[in-house]
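Here is the structure we will look at.
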Amino acid sequence: MELFPAMPLAEWRDTKETIHRFAQVVGKVRLAAGIRRDHWWGVPFHLTGRGLTTRPTGRADGGPIFTIDFDFVAHRLIVTTLDGEAASFPLCPRSVAAFYRDVLRVLAGLGVEVDLAIPRPFDLPDSGRPFAEDTEHRAYDPYLATRYWQVLSQVNLLLEEFAAGYSGKISPVHHFWHTFDIACTRFSDRVIDQPPEADPVTREAYSREVISFGFWFGDEAFPEPAFYSYTAPEPGGLAEEPLAPAAAQWTPLRGGHLAVLRYDDARAEPDPRAAVLAFYESAYQAGARLAGWDVTGLASPGGVTDPYWTDPPPA
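Going by my numbering, 1024 is the number at position 192 of the sequence shown; the sequence numbering is gapless.
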């Protein structure tokens, strides 16, 4: 299919807002039942050949181990347990409250008990309203839901390709149900002391120096899809560094700067894939150089660190 099909925010805003809250329901189940990892790596979703997955969730202590999958081809939410039991229900126009009730019902039917500490959205305009009371968000266009997954899948592989060039500590490529973006983050070993008044999510996410790369579908603050990168903490002079391709730019954000390549600008490039990879690389070079990272020592061109590797490999 076409690389980077059209995905204007205005066309699917209502469906996006509903799916985002569906994702937060499942994400909070993952958060409650899963194993905590540094920088919150244990809670995002991962791409599958049909949608998104929590991956196996639970603990190897004899309790239930289960996986929750969004199938954006057949449009079903599927819960599967380690013993092969499964249950599902349709993804369709329905309220968040109804979705939330069905998730809990299916989990209970499979013997999975989960206690959500805060059963309401995180960091959304309606974060004070419990999932069980949200009858406002109920749009679901299956065509656009499938398109969302297809775009995510394409960006996922681009980020995997870009991630291969770094041999230091790096996150998986994962889809955050918090901000509804897909991202991959490179880390240095420099510890960052976050202020005590910072929220726990921020303190854990940014306890080390990072350069992050990703893609989001747009929101009220930036109402169009875009590829992005940022360096945190931001070194001085970052916004004066060059970006590629020419359409990319630095955008002020929360007292710092975000490198942005608009999705439609990438689509208009003669080679969109090369344009996005060049964008990520230019943002990385800018941040890493100014922050004093060992760019050469941390490189793994083509995903290879073996100095004796030959391509193609010997038979």
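Yeah, the Cβ is synthetic: ideal placement off N, Cα and C, and Gly gets one too.
Looking at C-alpha atoms only, which residue of the options is the closest neighbour of residue i?
| i | options | result |
| --- | --- | --- |
| Ser1114 | Arg868, Asp1096 and Ala1071 | Ala1071 |
| Thr1179 | His969, Ile910 and Gly960 | The question about residue 1179 has no answer, for the chain in this structure spans 833 to 1147. |
| Arg868 | Ala995, Ala1037 and Tyr998 | Ala1037 |
| Leu1075 | Ala1098, Thr886, Phe1111 and Val1042 | Phe1111 |
| Leu1093 | Phe1059, Trp1141 and Glu834 | Phe1059 |
| Val857 | Trp1048, Glu965 and Thr1128 | Glu965 |
| Gly895 | Asp915, Asp1143 and Val911 | Asp915 |
| His1006 | Thr880, Thr1137 and Trp1141 | Thr880 |
| Asp955 | Val1136, Thr1011 and Phe1019 | Thr1011 |
| Pro922 | Asp934, Phe1054, Thr913 and His852 | Asp934 |
| Ala1017 | Glu1029, Ile1024 and Ser1003 | The sequence given here places Thr at residue 1017; Ala does not occur at that position. When only C-alpha atoms are compared, the closest one is Ser1003. |
| Trp1125 | Tyr1140, Trp1141, Val1136 and Ala1064 | Ala1064 |
| Gln986 | Leu1109, Ala1120, Ala1030 and Thr1142 | Leu1109 |
| Thr967 | Tyr1095, Phe994 and Arg926 | Arg926 |
| Met839 | Pro1057, Arg961, Gly960 and Arg887 | Pro1057 |
Using the three-state DSSP reduction, which class does residue i fall into: helix, strand or coil?
| i | result |
| --- | --- |
| Ser1044 | strand |
| Thr913 | strand |
| Tyr1038 | coil |
| Val1023 | strand |
| Phe898 | strand |
| Thr1017 | strand |
| Ala949 | coil |
| Ala1053 | coil |
| Ala1030 | coil |
| Arg937 | helix |
| Pro1104 | helix |
Can you check whether the CB of residue j is closer than 8 Å to the CB of residue i?
| i | j | result |
| --- | --- | --- |
| Leu841 | Gly1050 | yes |
| Arg1040 | Arg1022 | yes |
| Gly883 | Trp981 | yes |
| Ala1131 | Gly943 | no |
| Leu976 | Ile1014 | no |
| Ala1118 | Glu1066 | no |
| Ala1079 | Asp947 | no |
| Phe963 | Val938 | no |
| Phe1043 | Tyr1116 | Reading off the sequence shown, one finds Ile at residue 1043, where the question assumed Phe. Cβ atoms of Ile1043 and Tyr1116: closer than 8 Å. |
| Thr889 | Gly866 | yes |
| Phe854 | Phe904 | no |
Residues bridged to residue i by DSSP?
| i | result |
| --- | --- |
| His878 | Thr885 |
| Arg908 | Asp903 and Pro922 |
| Phe854 | Per DSSP, none; premise fails for Phe854. |
| Ser1061 | Phe1045 and Ala1091 |
| Ala1131 | Tyr998 |
Can you tell me whether residue i sits near the ligand COA, meaning its C-beta is under 7 Å from at least one heavy atom of the ligand?
| i | result |
| --- | --- |
| Leu914 | Absent from the structure shown: the ligand COA. Ligands present: none. |
(request) Tell me the start and end of each unbroken beta strand (DSSP E) in the segment 958-1015 that is at least 3 residues and wholly inside, in chain order. (result) Correct list: 1006-1008.
(message) In chain order, what are the residue ranges of uninterrupted beta strand (DSSP E) at least 3 long that sit wholly in the segment 1071-1097?
(response) 1081-1085 and 1088-1094
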